[in-house]
Amino acid sequence: MNLLSIFVVIPVLMLAGLFLSRTRQQARVISATGASLLLVAAVVLGVLFAAERHAGNTAEMLFTASAQWFPAWNIGYSVGVDGISVLMILLSAIIVFTGIFTSWNIDPLPKEYFMWFCLLSTGVFGFFISLDLFTMFMFYEVALIPMYLLIGVWGSGKKEYAAMKLTLMLMAGSALLMLGILGIYFGSGATSMNIMEIAQSSIPMALQKFFFPLTFIGFGVLGALFPFHTWSPDGHASAPTAVSMLHAGVLMKLGGYGCFRVAMFLMPEAANELAWIFLILTGISVVYGAFSACVQKDLKYINAYSSVSHCGLVLFALLMMNTTAMTGAIMQMLSHGLMTALFFALIGMIYGRTHTRDIREMGGLMKIMPFLGVAYVIAGLASLGLPGLSGFVAEMNVFVGSFQHSDTFHRVLTLIAVTSIVITAVYILRVIGKILYGPVQNQAHLKLTDAVWFERLPVVVLIIAIASIGLYPGWIAEWIHQALAPIVESLTVAAL
Amino acid sequence: MQDAILLKIVFYFLAAAIAVFSVMAVTTRRILRAATYLLFVLFATAGLYFFLNYSFLGAVQLMVYAGGVIILYVFSILLTSTDKESPSPLFSLRRWIAMIASIGGICLVAFLVLTNVWPEVHAPATDEVNMKLIGHTLMGTEKGQYLLPFELMSVLLLACMVGGILIARKRS
Amino acid sequence: MELIPMEYYLVVSSIMFFAGIYGFITRKNLIAVLISVELVLTSTDINFAVFNRFLFPGHLEGMFFTLFSIGISAAETAVAIAIIINIYRNIKNVEVRNLKKLKD
Amino acid sequence: MDFSGFLMMRDEISLVALILILLLYDLFAPAKARKVFQPLACLLFVVQIVITLLPVSSLEAFGGMYQTTPAASLAKTLMSAGTLLVFLFSKKWIEEKHEIAQGEFYFLTLCTLLGMYFMVSAGHFLMFFIGIELASIPLSCLVSFSKKDGLSAEAGAKFILNAAFASGISLFGISLLYGGTGTLYFSDMPVALQGTPLQIAGMILFATGLFFKMSLIPYHSWTADVYQGAPTQVSAYLSVVSKTAAAVALFTIFIKVFGGMAASWRPVLYIIIILSITIANLFAIKQKNIKRFLAYSSISQAGYIVLGVVAASPQGLTGILYYMMVYMFANLAAFGVASLVERQCGNAEIASYNGLYKTNPWLSVLMMFAMFSLAGIPPFAGFFSKFFIFASAVQQGYYILVLIALLNTIISLFYYLLIVKAMFINPNESPLPRFRSDSYSRIAMVLCFFGIVLSGIVSFFYNKTNDMATESMEMCGLSRPKAVEETLDANPVPGQTLNTQGSTAMNATASWPSVLE
Amino acid sequence: MEYTLFILILPLIGFLSLGLLGTRLKGKTAGYVGTALLAATAILAYITAWQYFSTPGVDGIRPTLIPLNWEWMRFTEHLHIDLGILLDPISVMMLVVISTVSLMVHIYSLGYMEGEKGFQRYYAFLGLFTFSMCGLVVATNIFQMYIFWELVGVSSYLLIGFYYTKPEAVAASKKAFIVTRFADMFFLIGILLLSYFTKTFDFGLLCSGEENLFASAAGKTFMGGAVLSWAMALIFIGAAGKSAMFPLHIWLPDAMEGPTPVSALIHAATMVVAGVYLVARLFPVYYFFTPEVLHGIAYVAAFTALYAAIVACVQTDIKRVLAFSTISQIGFMLVALGVSGMGTVEANGLESHEGLGYMASMFHLFTHAMFKALLFMGAGAIIHTVHSNEMSRMGGLRKQMPITHITFLVACLAIAGIPPFSGFFSKDEILTATFMFKPWLGVTMTFIAALTAFYMFRLYYNIFWGKPAQHDHPLHEAPSSMTSPLVFLALVTVVAGFIPFGKFVSSTGAAYIIHLDWKVALTSVIIALVSIFIAWKLYCKGSSKVPDKVAGFFGPLYTAAKHRFYIDEVYQFITHKIIFRCISQPLAWFDRHVIDGILNGIAWITCRGSLAFRWMQTGQLQSYALLLLCGCLLLLCIGLFR
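Chains as they are written, first to last, in our numbering: chain A, 304 to 799; chain B, 55 to 226; chain C, 192 to 295; chain D, 3 to 519; chain E, 19 to 660.
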């Protein structure tokens, strides 16, 4: 069996195991084991990938495998990874792992919860390993739909509204996407739905102009592209902790990943021609999300708007279409994935204790739960781009890369995007100041306890991941550079 | 010549009967009358078939409709004992739309029929269709022969019979 | 026969057809509605016969279609009347306006 | 006289044999033996299905009156399978409420099935007409099968009268076609079609019958009422089997007979698709009754199916057949669950599904899978069928149409999720108590379950369907209809991949200039 | 000189170990560990300085050494962030300053912070700060500097907010971070602009004065200014933020909410001069390519110095006075840089040192760090005893706190520019340089120097003389752990003026002998003495009515100055009224109501949509047929007349 298929097989086996499980404990153990296996597998994949690259294998995709599935449409189950996919798989594995632990005490219906969770991760991993447009799209939708029940059943607040809104908006995006994918396939005249093969052939400009926006918006909805982002605040606010983590941490990355792997890579001419529209939209996302976050009162809303801003930066950087900016975009995906997951995990833990997410009702929590407090500060600092943590690395790549663009328009937009670093600081510090510092607001909170082991574990893992990217971005950058080379090349050629 | 005039008169009579009685059938208040007008229309249609020298068809029409269907109608009307329709409101949107649509439909069909370029009309065979031919055609398996539909018809009639009995028989 | 153009027949049949349709839509009694259906079906029979006689006298397709059509409409009528009687048993009348329990 | 034609009609003859056996058994078997009537019927029916599964090639019989292709045979298998599932779901219901009429139920159902067989396999308008009548007149008896139920009676009346009305219009259309072409044979007609207004009018009026059967808007109005009033099993049958027959017949006739007039029917279908999908979706949102709900859902699904006709390619045919297969599993599962729940709680309100998962998890899961499949969510089969039918339409350049259809899937997803929401999320103080369904229903549900889950992921089903459809199209010389060459879109699709070569048989008809063009 | 790396690593180890071990360590132990590590760091810094300055350079020019340089992250072929160590006169000087002051603060804090909760955290943060500050000064490229620039910002944030349960401290820390962050944004934009044209971040290349490097920017203008000027001005805004130049100074007075030793270390001696350091670092670029920006810096700095000095005269919180004094003094340094030329020119037969300002600025930076740290620590000792920051709560403390008194006096004399204390020498050079540039600027700066002397002695007299305030607890001298750093720094302050600073640090790296310009020196000393005299007259007795009269005389000016000329209010207005009220809230509203509203509206319309088609389903059998008929006829028409 192909190495990569493991990432789909493990969650499926987990599903089967959970299906047979009887008690909460069993469900937990199975999930935890599976998630750990996934994490190990992801690390092994990373190591093998590095070894292979080190050995001089310069193929665009490694560990490829392919099998016919629907020959009538040349659909195959083709898998393969490049540096970016490996990183995304690592990210997903980390977040799935931490997510399982974060939802250790999920209630009610733990078994079902973990099953949906597994289905979601199947979709996520499947998406990242797929090279076939159809398979990719299928996994994409597989990853989306469990959100409905995960939010609807286990969520809080106006969960039904939020779940429905989220599902419908994302599926609307994927509906556009479906047309986009079909258009790409038929437009290219390729004899395969394999991305790498479609990339060899060119799609006529007239079609690109029609399908590029569809595809880009399709993925962009998941990447919280303004003005299609409003599912994000409500969805995140209502979702259970681990789901918010996975959703903001990984699922939103599917959007960004798809944007460049499918939309921009396969339709470079249209990407060049239409980039300005989306640059403006993403530029708005960046600033707008940040400003909106400033006045929110619910912790999750703040974080959700912050995600809008950060994910906006991902798409923004991708559209700059040079290696540095796109590297920054990928790094931002990783960074945002990790730190939002951390944020949501912490918010979940805090909420689990205080039973409120309203920042006005909290205060002085640092004194009561120092571990969570410190972790929150670290997450906040990562979010506002403190050097040494992942956010900085990503943002600097984005800004420097974007600013290297020879076009004044792009540079002016970059300057606008740069302002987000200040606004980010404003809302992050506002929250930290309100909830962690200051006098204790609610005397009942004094009795609360700090995190326990299964809460500390994910937090520590995430912080380590954030710091390791932030401290030593070199290896990641190298993988990303390598993986981006063909994409950037096709974009550059198309620009001429 | 006289034949021709006579034929014309017969045709116009039949045509007028069909047109008038069918309109009356759908406009009269009393259902029993409607059934009667229908009977007249069906008679006239049979007459048209005879007129076209499709005597067999005319005969079937008479037997099936006049002999069967109309009786069925009359019985069922008597059974449900609602001879008179309830008065209709003076203005009914549905009625007007139906009227406009019907008239429009007639115009449309007339337009189609009148503007259509019909294929070269062969000298119509005025002779009667031979019964033997009818029998062969009904029982043959070649092209232009109708054994299979005939068999299928039998299933249809059987099914309708069973179904009709099932629905109409008294509750047990 | 050739004295009378084919179109005349067709016009007659379409009048009958649309009279039937008008009746179907406007009648208030189920049986009257069914009578209108009868008109519709019979009018098309005329068409078949006429086309066969005037345009394609070489074969009997139209005539046979009419033949079968008569049979089918009779069968249909029988079943429809059975159903109408069933309705009568249920609601004690056969007014169309009383069949409005199922809607929206 | 050559009766060998009957031997070629393997599927139909076996079905007729089955009908006769059951009829006679019901008539003459002693009361004790009548207890095993239903198991016996199902068992024999399985045999019949196996017979339809045997490979077949395209052939004609009775001078072209009857013709069959692998695709038609597959369609028949599907219809039979669907009917079998309906039987399985009905067993308990029949036993409890209509034991006296069990023979009639099976007989009538199988007769309509036979009619549908002939709809699919007709080679002549008369055959087709008799088929469609055979498929609808006894069906009306089935619709008013629950005689004591006023709603059932009302539904029956609405069905038979509307059907008669539609078939009257359809018949008028056939008469115009006959007048315009001088033939009623499918195989002869293409040559005689020049696209004169009369012919076009004939075609569109004729199609009324099919559209009515498929319940496409604006021919749909009866659907919801009839589905609601009819016994749930019959609604299931109507929504799946009857629709399959109509869809396949629509494709066959529009491509085989009217392929040359594609330019005329394409805009019509275009509009019908958009109307059906959109309006039905809008209606479905508001429904409180699960059967009405499923009725509107089936209308919009029919709209998607017609996309395959518009595509007019082998992939389109595959798409239709495959869509029907997938749709059959999902819709029958939904109706099956609905019938069980309805029998348990006495009504078909969606509200009675609230909190169902707590008490009846398996039913809820099956229902959810069915809903997801209908909504086209992977990994359920519905996703694949939707994708492929859209793909076949996009292949022909119908971008806007597909876009509209795709946007409508969102609305449909919304209302399908409402059901899921009712079962899983909505709170309910007193949900329906836990109950055990009978073993026949359970077998049916398991079959549906596997159908929903596997018929997509396991590509065998699609690939096999595709082989059959391609073969059928090639044999009829229809693999490259005219519709392919001219697309509605301003931008022609360069590099379009058509994996079959156009054959010459159709070229004569394909090159007719349409009068109105 | 690779061992310089340990100057960075040791504090970092301190941060990590104390931070991770946290409360598992006893507070005192944590303090000792931190102090020991810092002591080692300081020793290393001294060794470095010794080694660096003892090696003669080529042609008498001090070399720029880069013992270490790793590529950390690569952006493009030319642009990459390196992490390395760059040793040149100013960075070595800064290392000495930072490690000295930091060490003193570490020692001092052992006493000052004794018994505080979070002792470990405090020392961890101090370690982080020292690490970041050292990293900043040894940066080999502008991006490395930016990285550490951010890190010092965060350390400052954490330390200001050390008493995180105090709302004022939290607000102050937030303000400090956001204001500096705002400035940093301009810094970053400046870096982006600069690097866009020069394709390098490297200081070595940037400061080499290569014309080619800037060739691509030549002739390009933006809104009337050359792009390069824009870039350098933006970078200066970054510097201004950190160095609290008007109008970005507002965070500094508030930052006094932090523990006093922190104020001494970060907000007096080291971090706030980072801006000066940055300008000095990029001095060649400013001087050669954008002299107009350099002059602009001088004017801004001069204005800030004046403004801060005026405000300092009327503040009553001793730390605030010191904070404004810091702002003012940094203004001096930047003025000096702004008016400076480069190198030595022979003019009119006299050797005129064009680079005097540069040297003076660095010199003042050095001396100021020492005496200002001393002042803050002295103030800390006083606050430690008095438990208040308000001058009114003090008075007559000279008896209770003799050591503090003497050291404080030394520092006051130094800052007032009284010979032979170090401040005299450095300030004199600055005044000379400004007189050389523009005489009126020199006059202004002299006036500010007089103001400085006035407000410092106002402070001094108010604290140590005058009428003692009532206290319910006995006042006592600070413990030795606090007084020893005071004494040490006082000694440095006394002798530092005699260091031949020009030999070590100059604009070109060539040694330079300091000459006192006696005219300037004499004037400034006399004026300073006069100011001290006035202060003595006004405040020595404590109960004098004169100050109030003076205040009354100045009227609105006095009130305005007391309210720091309402700059905070302006900020408050901008942030709360404009940004929050007029941007954020409308945006959030827009998001919730317009964008979401549109979506919900679509959903609503869809749900309502079925009503539009309700007529289709009346339940009336014949209307269904009618619909069918009409639909059929319509479609027929479409098929026919398409």
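Glycine is no exception: its CB is placed at the ideal position from the N, C-alpha and C atoms.
Straight-line CA distance for residue i to residue j?
| i | j | result |
| --- | --- | --- |
| L871 (chain A) | A527 (chain A) | Beyond the ends of chain A as shown, which are 304 and 799, falls residue 871 (chain A); an answer cannot be given. |
| F131 (chain D) | F213 (chain D) | 14 Å |
| A63 (chain D) | N465 (chain D) | 28 Å |
| L749 (chain A) | T234 (chain D) | 60 Å |
| L602 (chain A) | F551 (chain E) | 58 Å |
| G49 (chain E) | L684 (chain A) | 26 Å |
| G204 (chain D) | V259 (chain D) | 12 Å |
| V209 (chain B) | P433 (chain D) | 47 Å |
| L9 (chain D) | I15 (chain D) | 8 Å |
| V228 (chain C) | G170 (chain D) | 7 Å |
| G666 (chain A) | E758 (chain A) | 21 Å |
| M129 (chain D) | Y200 (chain B) | 9 Å |
How far does the beta strand (DSSP E) with residue i in it reach, from first residue to last?
| i | result |
| --- | --- |
| T501 (chain E) | Run containing T501 (chain E): none in the beta strand (DSSP E); it sits in the alpha helix (DSSP H), 498-514. |
| Y380 (chain A) | 378-384 |
| F110 (chain B) | Taken as a continuous stretch (DSSP letters only), F110 (chain B) belongs to no beta strand (DSSP E), being part of the alpha helix (DSSP H) at 109-115. |
| N349 (chain D) | That residue, N349 (chain D), is in no beta strand (DSSP E); it is neither H nor E in DSSP. |
Buried or exposed for residue i, please, with buried defined as at least 16 other CB atoms from any protein chain shown within 10 angstroms of its CB.
| i | result |
| --- | --- |
| V715 (chain A) | exposed |
| G78 (chain E) | exposed |
| G348 (chain D) | exposed |
| K290 (chain D) | exposed |
| T216 (chain E) | buried |
Would you mind reading off the limits of the alpha helix (DSSP H) that contains residue i?
| i | result |
| --- | --- |
| S343 (chain E) | 336-357 |
| R656 (chain A) | 626-657 |
| A286 (chain E) | Segment: none, A286 (chain E) is in no alpha helix (DSSP H) and carries neither H nor E. |
Suppose contacts are defined by Cβ-Cβ distances below 8 Å. Is residue i in contact with residue j by that definition?
| i | j | result |
| --- | --- | --- |
| M380 (chain E) | Y530 (chain E) | no |
| M360 (chain E) | T526 (chain E) | yes |
| T218 (chain E) | H96 (chain E) | yes |
Beta strand (DSSP E) runs contained entirely in the stretch 36-110 of chain D, provided each spans 3 or more residues: Entirely contained in the stretch 36-110 of chain D, the beta strand (DSSP E) runs reaching 3 residues are, in chain order, 61-63, 68-70.
Secondary structure, alpha helix (DSSP H): runs of 4+ residues fully inside the stretch 414-466 of chain A: Whole alpha helix (DSSP H) segments, 4+ residues: 436-447, 449-457.
Sequence ranges, alpha helix (DSSP H) only - wholly within the stretch 288-351 of chain D, length at least 4: The stretch 288-351 of chain D contains these whole alpha helix (DSSP H) runs: 292-313, 316-347.
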